[in-house]
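Undergrad: Could you have a look at this structure, given as structure tokens, before my questions?
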Amino acid sequence: MTNVNNSNTSASGLSHQNILQYNPDSSYLSIVNPSLQYAQQMQSFQPFQQTPHQQMVQPPFCSTPNMVHPPPNSSPSMMSQRPVWVDELFTNMRHIETRLDKLDQIGILVSSMNMKVIQVEQETKSLSERLAAVEISTQYVSDQYEDQKTKCNELKSSVINIEKTINTQHSDVSSVEKKNDSTEKEIEQSFEKMKNLNEKMREDLLDTQIKSNIENLVFYNIPEKDDEDCLEESLIFCEKNLKMPNMRESIQILKANRMGNKGERIRPILVKFGSFKQREEVRKNGKNLKDTNFGISEQLPGEIQKRRKTLLPELKKLRDEGHKAYFVRDKIHVGGKEYKK
Numbered sequence: 008m009t010n011v012n013n014s015n016t017s018a019s020g021l022s023h024q025n026i027l028q029y030n031p032d033s034s035y036l037s038i039v040n041p042s043l044q045y046a047q048q049m050q051s052f053q054p055f056q057q058t059p060h061q062q063m064v065q066p067p068f069c070s071t072p073n074m075v076h077p078p079p080n081s082s083p084s085m086m087s088q089r090p091v092w093v094d095e096l097f098t099n100m101r102h103i104e105t106r107l108d109k110l111d112q113i114g115i116l117v118s119s120m121n122m123k124v125i126q127v128e129q130e131t132k133s134l135s136e137r138l139a140a141v142e143i144s145t146q147y148v149s150d151q152y153e154d155q156k157t158k159c160n161e162l163k164s165s166v167i168n169i170e171k172t173i174n175t176q177h178s179d180v181s182s183v184e185k186k187n188d189s190t191e192k193e194i195e196q197s198f199e200k201m202k203n204l205n206e207k208m209r210e211d212l213l214d215t216q217i218k219s220n221i222e223n224l225v226f227y228n229i230p231e232k233d234d235e236d237c238l239e240e241s242l243i244f245c246e247k248n249l250k251m252p253n254m255r256e257s258i259q260i261l262k263a264n265r266m267g268n269k270g271e272r273i274r275p276i277l278v279k280f281g282s283f284k285q286r287e288e289v290r291k292n293g294k295n296l297k298d299t300n301f302g303i304s305e306q307l308p309g310e311i312q313k314r315r316k317t318l319l320p321e322l323k324k325l326r327d328e329g330h331k332a333y334f335v336r337d338k339i340h341v342g343g344k345e346y347k348k
């Protein structure tokens, strides 16, 4: 780059020192800073003779830097005569100037390209550094991938072993599943049947529990005493609070005991009567406990109690409307018939 610029500068300087200027007007010709030797050659090539009436005109090429004008009395024919090589010389000089200008432009372009090459080298260096960092990161990711791949293979082996163990333990189930190639509809039907069967079994169990407790009543909020006789306390409660003075003669209590573990709250007393008829006779007198802290109820399974609790707001609403509503098992009955919304 530096050599090209220097050569351009030298050529340009040389061209500006030895530029021939030519005026299209053929009356004069000037040379700016020609060499003395070159001027002498021009004088020897075109001599001018002096006449008695006319002085010799100075040749058009001289070593002085100033422009030479012809004398006033010179003839136009003499001044208009110019060698062809002079025109060619000027043409060549113009071509040289044009080429020198192009060389200057090329020098500027080369300088610009040199700067761009330097910039590209810097960017290439930066990219190389980034590429090195990316290679390091890639290597780290590759190492981590291999590590995770190894762990995954180990986990896969463990899962395979577990599957083998499960298959061994459930071989009977697998054989049954292979034999039972049922469609999705059949599976749904089977599931529905099982669901219905389960529901029926649940209801049967509830019926069994209700029947086993059909002769029982639960008394609530009877104060507890140390070394109390629950059977005697139940008889006294029926005579006094349920208004049954002939309780001991007409009603038989087989057994009575507190329910649950002793705590801060008063435990209810579970009473078993001699028959369902006797139990109902006592239960019907529960109306005498209105406006008291005492309570009386059938002994019902937990599931029935939950269902009744859900229906209790509806039962109260019906009673507020004047209907004779009551529970039969886990259903609301009004006027002897099951109530349905």
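Sequential numbering of the sequence shown, starting at 8, is according to our numbering. Think of the CB as a built atom: it goes at the ideal place given N, C-alpha and C, for glycine as much as any other residue.
Fully enclosed by the segment 200-283, which alpha helix (DSSP H) runs are 4 residues long or longer?
TA: For the segment 200-283, whole alpha helix (DSSP H) runs of length 4 or above, ordered along the chain, are 237-247, 254-257.
Undergrad: Between the Cα of V289 and those of E310, G267, S257, spot the shortest distance and give me the residue it belongs to.
TA: Translated into positions along the sequence shown, residue 289 becomes position 282. Nearest option by C-alpha distance: S257.
Undergrad: Give the DSSP bridge partners of H340, in chain order.
TA: As a first step, residue 340 must be located in the sequence shown, where it is residue number 333. Y333, E345, per the DSSP bridge assignment.
Undergrad: Would you call G329 buried or exposed, if buried means 16 or more other Cβ atoms sit within 10 Å of its Cβ?
TA: By 1-based counting over the sequence shown, the position of residue 329 is 322. So G329 counts as exposed.
Undergrad: Nearest-angstrom Cα distance between A140 and I169?
TA: Sequence index remark: in the sequence shown, residue 140 carries index 133 (1-based). Sequence index remark: in the sequence shown, residue 169 carries index 162 (1-based). If I take the Cα positions, the gap works out to 43 Å.
Undergrad: Let me know if R286 comes out buried or exposed under the rule of 16 or more other beta-carbons within 10 Å of its beta-carbon.
TA: Taking the sequence shown and counting its residues from 1, the one referred to as residue 286 is at position 279. Its Cβ being crowded by 16 or more others within 10 Å, R286 is buried.
Undergrad: May I have the straight-line CA-CA distance separating Y333 from K291, to the nearest angstrom?
TA: To locate residue 333, count along the sequence shown from 1; it is residue 326. To locate residue 291, count along the sequence shown from 1; it is residue 284. Approximately 13 Å between the Cα atoms of the pair.
Undergrad: Let me confirm a value: P275 is counted as buried when at least 16 other C-beta atoms fall within 10 Å, else exposed. Which label applies?
TA: Numbered from its first residue, the sequence shown carries residue 275 at position 268. The residue in question, P275, is buried, as its Cβ has 16 or more Cβ neighbours within 10 Å.
Undergrad: Which of the three DSSP states is assigned to E95 in this structure?
TA: Position 88 of the sequence shown, counted from the first residue, corresponds to residue 95. In this structure, E95 counts as helix in the three-state DSSP scheme.
Undergrad: Please state whether the Cβ-Cβ distance between S241 and I260 is less than 8 Å.
TA: Mapped onto the sequence shown, residue 241 falls at position 234. Mapped onto the sequence shown, residue 260 falls at position 253. The answer is yes: Cβ separation under 8 Å.
Undergrad: Could you have a look at E328 and say whether DSSP puts it in helix, strand or coil?
TA: One-based indexing of the sequence shown puts residue 328 at position 321. In this structure, E328 counts as coil in the three-state DSSP scheme.
Undergrad: Could you compute how far the alpha carbon of I217 sits from the alpha carbon of Q312?
TA: Locating residue 217 in the sequence shown gives position 210, where the first residue counts as 1. Locating residue 312 in the sequence shown gives position 305, where the first residue counts as 1. Cα to Cα, I217 sits roughly 12 Å from Q312.
Undergrad: Decide if K202 is buried, meaning its Cβ has at least 16 other Cβ atoms within 10 Å, or exposed.
TA: Counted from its first residue, the sequence shown places residue 202 at position 195. Exposed, since its Cβ has fewer than 16 Cβ neighbours within 10 Å.
Undergrad: Please report the Cβ distance between Q306 and L213, rounded to the nearest whole angstrom; I am assuming they are in contact, meaning their Cβ atoms lie under 8 Å.
TA: One-based indexing of the sequence shown puts residue 306 at position 299. One-based indexing of the sequence shown puts residue 213 at position 206. The Cβ separation is near 13 Å, so there is no contact.
Undergrad: Between the C-alpha atoms of V148 and Q155, what's the straight-line distance to the nearest angstrom?
TA: If you number the sequence shown from 1, residue 148 lands on position 141. If you number the sequence shown from 1, residue 155 lands on position 148. Going from the Cα of V148 to the Cα of Q155 covers about 10 Å.
Undergrad: Say whether the segment 244-256 touches the segment 189-208, bearing in mind that this needs 3 or more beta-carbon pairs closer than 8 Å, one atom from each stretch.
TA: Touching, no.
Undergrad: Is it right to say G343 is buried, meaning 16 or more other beta carbons lie within 10 angstroms of its own, or is it exposed?
TA: Numbered from 1 along the sequence shown, position 336 holds the residue referred to as residue 343. Classification for G343: exposed.
Undergrad: Kindly indicate the opening and closing residues of the beta strand (DSSP E) around G302.
TA: Position 295 of the sequence shown holds residue 302. Counting along the chain, the beta strand (DSSP E) containing G302 begins and ends at 302-305.
Undergrad: Give me the Cα-Cα distance between I113 and V124, rounded to the nearest whole angstrom.
TA: Residue mapping note: residue 113 aligns to position 106 of the sequence shown, counting from 1. Residue mapping note: residue 124 aligns to position 117 of the sequence shown, counting from 1. Approximately 16 Å, taken between the alpha carbons.
Undergrad: In three-state DSSP terms, what is R314?
TA: Residue 314 sits at position 307 when you count from the first residue of the sequence shown. Of the three classes helix, strand and coil, the one that applies to R314 here is helix, per DSSP.
Undergrad: Pull up the CB-CB distance for F301 and Y227, whole angstroms please, since I reckon it's below 8 Å.
TA: Looking up residue 301 in the sequence shown gives position 294. Looking up residue 227 in the sequence shown gives position 220. Correct: roughly 6 Å between the Cβ atoms.
Undergrad: Which same chain residues end up closer than 7 Å to F244 when comparing Cβ atoms and leaving out the 5 residues on each side of it in sequence?
TA: The residue you call residue 244 lines up with position 237 of the sequence shown. Around F244: F226, I229.
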